[in-house]
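Here's the structure, in structure tokens; my notes come after.
Protein chains in written order, with this note's numbering: chain A, 1 to 658; chain B, 659 to 919.
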């Protein structure tokens, strides 16, 4: 009683510093409250904290009976299912380490992780994953036990090492009767500096690396996030992103176990949008493309609505555009406008949020890549509090978060609680904080090259602090170059700005070790084609359309706007686009111009279209080019065109250069 | 497949002949189906395959021959007998209620199992309510089995063809049949849809032990799925046996598979 509330809280946090303790705490304190839901046979089935704790206990005891020891790894593979999350907790209660894997990886990819992480036990969702385990066992017998959740199709699988969760839990209950107090003792013996989880980074180059995180890493960081955003036990989240991804572990597992809120597992991958609407989460994460797809759906369906509805929609969306984000940020707006916004909320925004399943959102995050400002503002103007965050597996997600009321489309916000950020001489962002990972598993060289002795982590991203104190990420550090005059040149940043225009499908920026920035552009055939049709502009195909002067005018507008934008940026104002051309051919992965994940391969393109690049940096206004192309059936052909080159408008820098 | 343990004969047709006026559609057809078997009927267009299915579930009444189902021998099946005794079927041309949702369509398959009368159902209270909940659970199990959760509430008319076929299969399953007749379940599907459907046919057979008689044009599918195959041509029975035997039968090769030299 003598302790102040703050101290009590701190003391409680001290004691609840592992997931096993947190789980038992919730079972005691809020045993009746719903912890998890899963839609099964069309009905949302619920587990309260008491039931979750019981199931975890049975599962843990069952695993122990099979020989699962402290420090043992448990591979977890499947869609987001309550039993898989419980398996994660069960392993942790025994002092073991869960290793979630990406469920759509092929057996070969999984084999690497299973071998690298020394996994002997696997908890998998269904037959599909069991088959992969069997395939892996043919070459690597290190997996001693496989436990599955969904028995469908597995009736004729007769292997001594294969059991269902139900069997294991039955075994566990028996074990608990013969070993009373075993579970509680094991759970209590887990400490804050023990390893909580290993997450494999997908690894765009080379093999994936296992990021080792301790309970302190995960729990302190997750709790800081809860404090900063004032999350409560009443939040609802939808667990739909891969369990192997650090974000899902944070939002659907760690934060739920700390704050005690409810995690909902969708019925299947195909029903997420329906489930989203039924659940109406209050706390939500989605990568930019999810928001983008939802917006596209809305716009397409509005096209089919009646004229009257369309007019109402567009009228109020204009109102929202003017004042929506200001109202959300708590800023002053004219009373008349506010009244209009309230009417709009009744007629349009509310119903729209409801259809999207975002009606109850208190906090939505997005991260992973740049989000288009229009998309971002669309949701914010509807009154949905979307914020960007900047994070990494190595830092247990939270590095920077946008504070409420200070949300800008082009920055990622201010450092998270207890996180320090430093910009290296070459522009690379470094951070230090409680979430900084323990090490890469069995890979001391990689650990040493990523994490300094005093705990700073290299992000590999280039960025800087804007004048308002927010971090701005511009590009991967290794892609950032310099123009001849020393100005920073961030190709992806400029390309992304261009790609936010629906008319531009791809952009390739050149400028490293050159005097100025020049651009190749691919128009979006569908968007520009549509635009041309409405103007009765005849065209025969991509090449024809791309060469039309009217299209050049259209693209020039976009390029000029990007330049205007760049001119406001103190660091990048001198890297404004000097000249551009619209490429006569769509960039294609089959021709090696894009990676399979549709990222432009800049140096390859520069080589392949060398005459065009040379022409951009000369005075020429036209250039003839012949390109070899590969057709889908494997044949090759030649494509010849005369490509026009245009100058872009230059803007004088508005902000003073730093 | 061949080493599977198949049960006793559940259905036996003997000397079936069917004519419409002067047209002889089936001529002295005899074969049997064993419990738990996947039995295929193949043959060129107009061979009498669909007619054969119609004879089995009592839509057509043959002039000659007999049908023995579950030890009971009849001259001809009656539709309501067939349905009441656990024979369900799908159709070559999809026969669903286009304006109703997937869920409701499959629910219609439960019709024979519903005991409470119209009035009780309308009041929806007590026994009727409990009963409907029970049927709904069964339907949801089928939806889960066929992996069509995302179209649960979509009107069937809006679904692509392959999906409609799957819903139709769902409706047949809703009757919890012992014998399932599938009339060209894979016609008009793309390769991926066919693979899905094959998997479902095998899963149904495996999971519920349902005996399946199917008609199919796709030779690859038939040979992979079936335990035994009957070949018809212009109402005559050309061959009957395991896929390999049928494949090497000269009469079949000439009539149906094409002569390969």
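All residues carry an ideal CB built from backbone N, CA and C; glycine is no exception.
Three-state secondary structure assigned by DSSP to residue i
{"i": "residue 126 of chain A", "result": "coil"}
{"i": "residue 177 of chain A", "result": "helix"}
{"i": "residue 730 of chain B", "result": "strand"}
{"i": "residue 898 of chain B", "result": "strand"}
{"i": "residue 428 of chain A", "result": "strand"}
{"i": "residue 536 of chain A", "result": "coil"}
{"i": "residue 520 of chain A", "result": "strand"}
{"i": "residue 331 of chain A", "result": "coil"}
{"i": "residue 463 of chain A", "result": "strand"}
{"i": "residue 589 of chain A", "result": "helix"}
{"i": "residue 58 of chain A", "result": "helix"}
{"i": "residue 392 of chain A", "result": "coil"}
{"i": "residue 310 of chain A", "result": "helix"}
{"i": "residue 303 of chain A", "result": "helix"}
{"i": "residue 817 of chain B", "result": "coil"}
{"i": "residue 528 of chain A", "result": "helix"}
Min CB distance residue i to chain A below 7 Å
{"i": "residue 808 of chain B", "result": "yes"}
{"i": "residue 802 of chain B", "result": "yes"}
{"i": "residue 798 of chain B", "result": "yes"}
{"i": "residue 664 of chain B", "result": "no"}
{"i": "residue 906 of chain B", "result": "no"}
Residue i, buried or exposed, once every other Cβ within 10 Å from all chains shown has been counted against 16
{"i": "residue 391 of chain A", "result": "buried"}
{"i": "residue 680 of chain B", "result": "exposed"}
{"i": "residue 668 of chain B", "result": "buried"}
{"i": "residue 311 of chain A", "result": "exposed"}
{"i": "residue 656 of chain A", "result": "Any reading at residue 656 of chain A needs caution, since the residue's pLDDT is 49, under 50, leaving its predicted position unreliable; the model's value is listed next. When all chains shown are included, residue 656 of chain A counts as exposed."}
{"i": "residue 169 of chain A", "result": "buried"}
{"i": "residue 49 of chain A", "result": "buried"}
Proximity below 7 Å, CB of residue i to CB of residue j
{"i": "residue 768 of chain B", "j": "residue 832 of chain B", "result": "yes"}
{"i": "residue 192 of chain A", "j": "residue 17 of chain A", "result": "yes"}
{"i": "residue 250 of chain A", "j": "residue 222 of chain A", "result": "yes"}
{"i": "residue 571 of chain A", "j": "residue 488 of chain A", "result": "yes"}
{"i": "residue 244 of chain A", "j": "residue 85 of chain A", "result": "no"}
{"i": "residue 209 of chain A", "j": "residue 458 of chain A", "result": "no"}
{"i": "residue 198 of chain A", "j": "residue 99 of chain A", "result": "yes"}
{"i": "residue 722 of chain B", "j": "residue 675 of chain B", "result": "yes"}
{"i": "residue 231 of chain A", "j": "residue 276 of chain A", "result": "no"}
{"i": "residue 697 of chain B", "j": "residue 691 of chain B", "result": "yes"}
{"i": "residue 89 of chain A", "j": "residue 22 of chain A", "result": "no"}
{"i": "residue 473 of chain A", "j": "residue 490 of chain A", "result": "no"}
{"i": "residue 283 of chain A", "j": "residue 363 of chain A", "result": "yes"}
{"i": "residue 218 of chain A", "j": "residue 196 of chain A", "result": "yes"}
{"i": "residue 261 of chain A", "j": "residue 235 of chain A", "result": "yes"}
{"i": "residue 863 of chain B", "j": "residue 873 of chain B", "result": "no"}
{"i": "residue 462 of chain A", "j": "residue 436 of chain A", "result": "no"}
Below-7 Å beta-carbon distance, residue i vs any chain B residue
{"i": "residue 660 of chain A", "result": "This structure does not reach residue 660 of chain A, given that chain A is present from 1 up to 658, and the question cannot be answered."}
{"i": "residue 42 of chain A", "result": "yes"}
{"i": "residue 46 of chain A", "result": "no"}
{"i": "residue 164 of chain A", "result": "no"}
{"i": "residue 267 of chain A", "result": "yes"}
{"i": "residue 452 of chain A", "result": "no"}
{"i": "residue 270 of chain A", "result": "yes"}
Pick from the options that is closest to residue i, judged by C-alpha positions
{"i": "residue 365 of chain A", "options": "A:386, A:347 and A:378", "result": "A:386"}
{"i": "residue 685 of chain B", "options": "B:796, B:677 and B:849", "result": "B:677"}
{"i": "residue 97 of chain A", "options": "A:79, A:128, A:211 and A:31", "result": "A:211"}
{"i": "residue 467 of chain A", "options": "A:450, A:414 and A:492", "result": "A:414"}
{"i": "residue 273 of chain A", "options": "B:809, B:871 and B:841", "result": "B:809"}
{"i": "residue 791 of chain B", "options": "B:688, B:887, B:687 and B:771", "result": "B:771"}
{"i": "residue 357 of chain A", "options": "A:108, A:88, A:286 and A:51", "result": "A:286"}
{"i": "residue 858 of chain B", "options": "B:875, B:736 and B:879", "result": "B:879"}
{"i": "residue 892 of chain B", "options": "B:694, B:701 and B:670", "result": "B:701"}
{"i": "residue 566 of chain A", "options": "A:497, A:507 and A:630", "result": "A:497"}
{"i": "residue 533 of chain A", "options": "A:551, A:522, A:345 and A:615", "result": "A:551"}
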